[in-house]
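Q: Numbering (UniProt numbering), first residue to last: 1 to 333. Ideal placement from N, C-alpha and C gives every residue a C-beta, glycine not left out. From a predicted model like this one, the values you see are computed outputs, not experimental measurements. I have a structure I would like to understand better, so I am pasting it below and will then ask my questions one at a time.
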């Protein structure tokens, strides 16, 4: 879900072409996997699966989107979530219940023959389990793409990697990355292209938000941006009912954050959440190394075990090989 501040960011972001995105990118892995699991489905909402009933939508997303990244000169590193903070448990439970309800609504829509509603509800029922995680790790290793295990929130780790100059920008659909201090956030990389939304087809383009420019645009510090997030609600607190992004911005600019919290939520202490955004658990225990893909290993995994089309898999990997052949392997990977 992330923090709902989209309504105040319209003038603080820029739409990009893929040609402007070359560099290294720390991808919020769980965010990307949810996108793949939600979007890559049959018309009735059924996810892609092999003959054994194992879901493969996420593997399709990793393969083809990663190849697309490499073709465009983007070297991704996927950052996986670790242990969530205690104050995220309520959000986790709410999301679990929401997915369960969506799953039930999906089945009901199928019985009624409403395919559009079935697809919508099925997308909302997407969940990440141990199979999704372990198979994602395996495929990334075979593709020669590095991944990092964060000690806590993946977005926080990705933001730290940008701050340290280890990568060029972070990639996520959520704006939490900005509260965690990512100097540059790029959205829509895992969902760009033509998408069908509420019965109509739209084009989704990548967009970039530079934190320093955002702060200047809104006239706030990073600490005040975090206060805005706390007022509207984050993954770690529900926010204050009736306060959206624009109202929160006015409150913070006027210096009334503490008084509003004291009046509306007198038993709530925002300091632990503020501190978590400012100093989250992160790690330097990782190595970033991009290697040429193990073509036969990828084919064995995806085609031999997950029933992918061998022609499609080899064709996708050939694009990377052709691109690499235009440079030395060292220069490309």
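(1) Figure out for me which residue from 63, 30, 56, 20 has the closest Cα to the Cα of residue 72.
(2) Hey, how far is the Cα of residue 90 from the Cα of residue 128?
(3) Please report how far the alpha carbon of residue 303 lies from the alpha carbon of residue 294, in whole angstroms.
(4) Would you mind stating whether residue 135 and residue 155 have Cβ atoms separated by less than 7 Å?
(5) Got a sec? Which residues, its chain only, sit under 7 Å from residue 277 by beta carbon, not counting five neighbours each side?
(6) Hey, could you find the ends of the beta strand (DSSP E) residue 170 is sitting in?
(7) So the candidates are 173, 106, 239, 114; which of them puts its Cα closest to the Cα of residue 27?
(8) Any idea if residue 246 is buried or exposed, counting beta-carbon neighbours within 10 angstroms, 16 or more meaning buried?
(9) Can you give the Cα-Cα distance for residue 272 and residue 168, rounded to whole angstroms?
(10) If you draw a straight line from the alpha carbon of residue 218 to that of residue 229, how long is it in whole angstroms?
(11) Cβ of residue 79 within 7 Å of Cβ of residue 157?
(12) So for residue 157, helix, strand or coil by DSSP?
(13) Terminal residues of the continuous beta strand (DSSP E) containing residue 185?
(14) Let me know the secondary structure DSSP gives residue 85 once reduced to three states.
(15) Whole angstroms is fine: what's the gap from residue 65's alpha carbon to residue 185's?
(16) Counting only the same chain and skipping the five closest in sequence on each side, list residues whose C-beta sits under 8 Å from that of residue 81.
(17) Starting from residue 23, trace the beta strand (DSSP E) in both directions and tell me its first and last residue.
(18) Run through DSSP, which three-state label would residue 72 get?
(19) With DSSP as the reference, please indicate the residues paired to residue 301 in a beta bridge.
(20) Excluding sequence positions up to five away, which residues of its chain have a Cβ less than 8 Å from the Cβ of residue 220?
(21) For the structure I just gave you, are there three or more beta carbon pairs, one from the region 37-53 and one from the region 109-123, closer than 8 Å?
(22) Return the Cβ separation of residue 16 and residue 274 in integer angstroms, given the expectation that the two are a contact with Cβ distance under 8 Å.
(23) Just reading off the beta strand (DSSP E) that residue 208 is part of, what are its end residues?
A: Looking at the coordinates:
(1) Residue 72 sits at position 72 when you count from the first residue of the chain shown. Of 63, 30, 56, 20, the smallest CA-CA separation from residue 72 is found for 20.
(2) Residue numbering aside, residue 90 sits at position 90 when the chain shown is read from its first letter. Residue numbering aside, residue 128 sits at position 128 when the chain shown is read from its first letter. Cα atoms of residue 90 and residue 128: separation of roughly 18 Å, rounded to the nearest angstrom.
(3) Position 303 of the chain shown holds residue 303. Position 294 of the chain shown holds residue 294. Between the C-alpha atoms of residue 303 and residue 294 there is a straight-line separation of about 14 Å.
(4) For the purposes of this step, residue 135 is identified with residue 135 of the chain shown, where counting begins at 1. For the purposes of this step, residue 155 is identified with residue 155 of the chain shown, where counting begins at 1. Not in contact: residue 135 and residue 155 (Cβ atoms no closer than 7 Å).
(5) By one-based count along the chain shown, residue 277 stands at place 277. When the five nearest sequence neighbours on each side are left out, the beta carbons in the same chain lying within less than 7 Å of the beta carbon of residue 277 are those of 179, 180, 226, in order along the chain.
(6) In the chain shown, residue 170 corresponds to position 170, counting from 1. Unbroken beta strand (DSSP E) run through residue 170: 169-171.
(7) For this step, residue 27 is matched to residue 27 along the chain shown. Restricting attention to 173, 106, 239, 114, the CA atom closest to the CA of residue 27 is found in 173.
(8) Position 246 of the chain shown, counted from the first residue, corresponds to residue 246. With fewer than 16 Cβ atoms within 10 Å of its Cβ, residue 246 is classed as exposed.
(9) If you number the chain shown from 1, residue 272 lands on position 272. If you number the chain shown from 1, residue 168 lands on position 168. Each residue's alpha carbon lies about 29 Å from the other.
(10) Locating residue 218 in the chain shown gives position 218, where the first residue counts as 1. Locating residue 229 in the chain shown gives position 229, where the first residue counts as 1. Straight across, the Cα-Cα distance linking residue 218 with residue 229 is about 13 Å.
(11) Stepping through the chain shown from its first residue, residue 79 is reached at position 79. Stepping through the chain shown from its first residue, residue 157 is reached at position 157. Closer than 7 Å, so yes.
(12) On the chain shown, residue 157 is found 157 positions in, with the first residue counted as 1. In the structure shown, residue 157 adopts helical secondary structure according to DSSP, grouped into three states.
(13) Mapped onto the chain shown, residue 185 falls at position 185. Residue 185: member of the beta strand (DSSP E) spanning 184-187, first to last residue.
(14) Numbered from 1 along the chain shown, position 85 holds the residue referred to as residue 85. In the structure shown, the three-state DSSP call for residue 85 is coil.
(15) Position 65 of the chain shown, counting from 1, holds the residue named residue 65. Position 185 of the chain shown, counting from 1, holds the residue named residue 185. In a straight line, the C-alpha of residue 65 is about 18 Å away from that of residue 185.
(16) Start at 1 with the first residue of the chain shown, and residue 81 comes out as number 81. Excluding sequence neighbours, residue 81 sits near 29, 30, 150, 152, 153, 154.
(17) In the chain shown, residue 23 corresponds to position 23, counting from 1. Taken as a continuous stretch (DSSP letters only), the beta strand (DSSP E) holding residue 23 covers 23-28.
(18) Translated into positions along the chain shown, residue 72 becomes position 72. Coil at residue 72, not helix or strand.
(19) For the purposes of this step, residue 301 is taken as residue 301 along the chain shown, with counting starting at 1. Answer by DSSP bridge pairing: none, since residue 301 is not bridged.
(20) In the chain shown, the residue the question calls residue 220 occupies position 220. Taken in chain order, the residues that qualify are 228, 249, 252, 253.
(21) Yes, since at least three Cβ pairs between the region 37-53 and the region 109-123 fall closer than 8 Å, the two stretches touch.
(22) On the chain shown, position 16 is the one that residue 16 refers to. On the chain shown, position 274 is the one that residue 274 refers to. That belief does not hold up - the Cβ atoms of residue 16 and residue 274 are roughly 31 Å apart, past 8 Å.
(23) The sequence position of residue 208 within the chain shown is 208, counting from 1. Element bounds for residue 208: 207-210.
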